[in-house]
């Protein structure tokens, strides 16, 4: 029995053939059209970033941007507090 890596390589080969517009690809490889269609759908999702790792990366980027913005706002808030204290002493 072939190992997982070998199976993934076979799946990748079938997907590539189908995506390259070879209509008989599934038959050529001896897999059902439905299986090939499922593999192709999975590959298209992976390529579009619409997969769990893709969503995770987008979420991490969004969180980093939010953390950067929070730090910026905290600095602005601290500056405004100092300004308010300065002007309060001037009265």
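In the working numbering, the protein residues as written are 5 to 95. Don't be surprised by glycine CBs; every beta carbon is placed ideally from N, CA and C.
Once the 5 residues before and after residue i are set aside, which same chain residues still bring their CB inside 7 angstroms of it?
i: residue 15; result: 43
Check whether the Cβ atoms of residue i and residue j sit closer than 7 angstroms, and answer yes or no.
i: residue 22; j: residue 33; result: no
In chain order, what residues of the same chain have a beta carbon less than 6 angstroms from the beta carbon of residue i, not counting five sequence neighbours either side?
i: residue 11; result: none
i: residue 74; result: none
Identify, in the order they occur along the chain, each residue of the same chain with its Cβ nearer than 8 angstroms to the Cβ of residue i, setting aside the five sequence neighbours on each side.
i: residue 83; result: none
i: residue 78; result: none
Taking C-alpha atoms, which residue in the options lies nearest to residue i?
i: residue 47; options: 70, 13, 91; result: 13
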